[in-house]
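Counting in my numbering, the sequence shown runs from 331 upward without gaps.
Where is the CB? At the ideal position from N, CA and C, for every residue including glycine.
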Amino acid sequence: WYGTESLVASPICFDLPEISQNINSSLSGVTVNSVGFWNDSFPPTFSTIGSSNYFYDASGNKVILNSMPTNVNTVMTAPIIIEYSTAANPISAYPVILQAGLLLFTHLYNNRSNTVDSNIKEIPFGVAALLRNYKPLVM
């Protein structure tokens, strides 16, 4: 964000973190709730950008602003904030998926790895057995 003064009035894009894929295409993707920025006044105040000034590009999983606001705070580390939501993957509703996640987190917390010190050999995760039915069959 430092030195962004040269980007004023030019389009700028923000990559979003990876999102889980959804089998149902009507539920996939991202809904951008709001885009805002901290301005350069002292102390900085938060301003919301109108929804007509940005759009979501699904092909690149990014938000594109039509133009960079002229009074974005150049001293803050992250002055532009994008709030978005994703549709939950329907597979996550199954209790066995939740149980497998909790089992894996507990195992990693307690053991910190999946090996034994005495004779380096891998301990099979119980998670693999729980999730075997949900793995897609590939031929």
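Open item on the list: Nearest by alpha-carbon distance to L461: which of F367, Q429 and P341 is it?
Closed with: Q429
Task: Contacts around T361, its chain only, beta-carbon distance under 7 Å, and the 5 residues preceding and following it disregarded - done: Y414 and S415
Task: When I379, M406 and I427 are compared against I412, the one with the closest alpha-carbon - done: Of I379, M406 and I427, the residue nearest in Cα terms is I379.
- [ ] Quick one: residues in its chain with C-beta nearer than 7 Å to the C-beta of G456, no 5 flanking neighbours on either side, listed in chain order?
- [x] L433
Task: Residue range of the unbroken alpha helix (DSSP H) whose run includes G431 - done: P425 to N441
TODO: Given a cut-off of 9 Å, decide if S377 and W368 are closer than it, judged by their beta-carbon atoms.
DONE: yes
Task: Which listed residue (T407, N383, N440 and A423) has its alpha carbon closest to that of S364 - done: N383
Task: Which residues DSSP lists as bridging G366, in chain order - done: T378 and I411
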